[in-house]
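For the sequence shown, my numbering assigns the number 9 to the initial residue and increments by one for each residue that follows.
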Amino acid sequence: MSDHHDGPDAAHRRPPGMTDATVRALGALSKALETTERARGHLYAFHQLTGGADFELDRAADLMHEAGHPRWAERIRHDITGRNVIPGHWTFQIIEAYDATYYEPFKATEREARRELADGRDHLYEAELKEARRTAGHPDHTARPDAAPQG
Numbered sequence: 009m010s011d012h013h014d015g016p017d018a019a020h021r022r023p024p025g026m027t028d029a030t031v032r033a034l035g036a037l038s039k040a041l042e043t044t045e046r047a048r049g050h051l052y053a054f055h056q057l058t059g060g061a062d063f064e065l066d067r068a069a070d071l072m073h074e075a076g077h078p079r080w081a082e083r084i085r086h087d088i089t090g091r092n093v094i095p096g097h098w099t100f101q102i103i104e105a106y107d108a109t110y111y112e113p114f115k116a117t118e119r120e121a122r123r124e125l126a127d128g129r130d131h132l133y134e135a136e137l138k139e140a141r142r143t144a145g146h147p148d149h150t151a152r153p154d155a156a157p158q159g
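Take a look at the structure:
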């Protein structure tokens, strides 16, 4: 059944008895997780960029050899290509350790807090912020996608 009032859908309204302080606290926890998601994305960028650079070293070594610098070609191949980025680790191992040690426990904690404190509802802080900032009745300020003006 669709909820037709002019406001957030049921999934984005706080459960009865939930306090402003709890909404703010869950909002802060969600924001921290979003920041962690961005950090994880940068870790994947680091992984892909480092891997791309390692493969480009093949070209650099070949060009050094063709340019008459076989000693430098060999040094690149021997000392840099395939090198660990930190002792014992390639970038994929850093990501795996980050995920297991920090990211997955963080995600689980945020999910469990929402489940226990907000009946599993997500983005309550943002939904209430949207309600406070939108102009009621304005066609580009509708509360929900299903309330969007038909054009």
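The beta carbon of each residue, even a glycine, is placed where N, CA and C say it ideally should be.
Query                                                                                                                                                                     : Result
Does DSSP classify residue 97 as helix, strand or coil?                                                                                                                   : strand
Whole angstroms is fine: what's the gap from residue 108's alpha carbon to residue 56's?                                                                                  : 20 Å
Residue 151 by DSSP, collapsed to three states: which one?                                                                                                                : coil
Pick from 85, 77, 42: whose alpha carbon is nearest that of residue 62?                                                                                                   : 85
For residue 43, count the other beta carbons within 10 Å of its own beta carbon; 16 or more makes it buried, fewer makes it exposed. Which is it?                         : exposed
For residue 9, collect the residues of the same chain with a Cβ closer than 8 Å to its Cβ; drop the 5 residues on either side in sequence, then sort them by chain order. : Note that residue 9 scores 40 on pLDDT, short of 50, meaning its location in the model is unreliable and no value can be drawn from it.
Going by DSSP, what residue range makes up the alpha helix (DSSP H) through residue 6?                                                                                    : Given that the chain is displayed from residue 9 to residue 159, the structure contains no residue 6 and the question cannot be resolved.
Residue 52: which of 140, 79, 29, 101 sits nearest, CA to CA?                                                                                                             : 101
Counting along the chain, where does the alpha helix (DSSP H) carrying residue 72 start and finish?                                                                       : 28-74
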